[in-house]
Each structure stands twice: as C-alpha cells, then as structure tokens.
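Let me begin by presenting the structure, written as structure tokens, before commenting on it.
Residue numbers (this note's numbering): 26 to 140.
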C-alpha cells in the first residue's frame, strides 16, 4: 500500500477548501476534454470530489477514492484508464462521477421521478 505523504488533512481547513475548488475545476476540465458529463447525483459528486481532494492532499495525486492507492502503475489516478477505456462509454465510471451524456439524461429523469 502506498504511504501517504501526510495524514493531517483537515476537511474544514482553508487549504482543503482551496484544493477542493481546484478539484472541481479539474472535474470540469475532464468532462470537457472527453465529452462526458458530471453525474447529476449531487451526493455522489460531493463525495467523490471530497475523496479526490483528500487524496491529492495526502498522496500528491488525485487517486480515485474508491480504490486504495498501492503505489504501482495500476493505481487509478483520475480519470482512470478503465473510465477512459470503456466504463464511461458503457454508462458511468466506477466511482460514478463521470457519465456519458445518455446516462446523465437517464439519471436526471430518475432523480426527478424520485424527488
């Protein structure tokens, strides 16, 4: 397992909030680059952005928060290879933050029906 560079990450700190804003901009850049969309599920979005931010501060990279960084080339750095290769084309990436446009529309309808 990859050892964190630091463990004193305070999610209420100014440092965290600033990095979280950078992560949100990063997510926007990724969706524009690949033609994807961001999940319409706000809870998923918030949780993944928080996890990506925490990992950036702890490990120095935005590792997918759904997997434990092991320190090898197979680690999932966002956007991960499976997401780029096939996951988003099939609907959403493993963590659920990135979706293809069709899946986004489907999810928006489901969220509206359940609210």
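Cβ atoms here follow ideal geometry from the backbone N, Cα and C, with glycine treated the same way.
- Around the beta carbon of residue 126, fewer than 16 other beta carbons sit within 10 angstroms, so the residue counts as exposed.
- The way I'd put it, the segment 48–60 does touch the segment 109–128; three or more beta-carbon pairs between them come closer than 8 Å.
- Taking all protein chains shown into account, residue 136 has fewer than 16 neighbouring C-beta atoms within 10 Å of its C-beta and is therefore exposed.
- In the DSSP assignment, residue 139 falls outside any alpha helix (DSSP H), carrying neither H nor E.
- Within the same chain, 89 come within 6 Å of residue 105 by CB-CB distance, once the 5 residues on both sides are set aside.
- For residue 89, the secondary structure class from DSSP, reduced to helix, strand or coil, is coil.
- Selection 109, 44 and 115 evaluated against residue 58 yields 109 as nearest (Cα-Cα).
- Leaving aside the five residues that flank residue 102 on each side, the residues in its chain whose CB is nearer than 8 Å to its CB run, in chain order, 86, 87, 88 and 89.
- The C-beta of residue 80 has 16 or more other C-beta atoms within 10 Å across all chains shown, which makes the residue buried.
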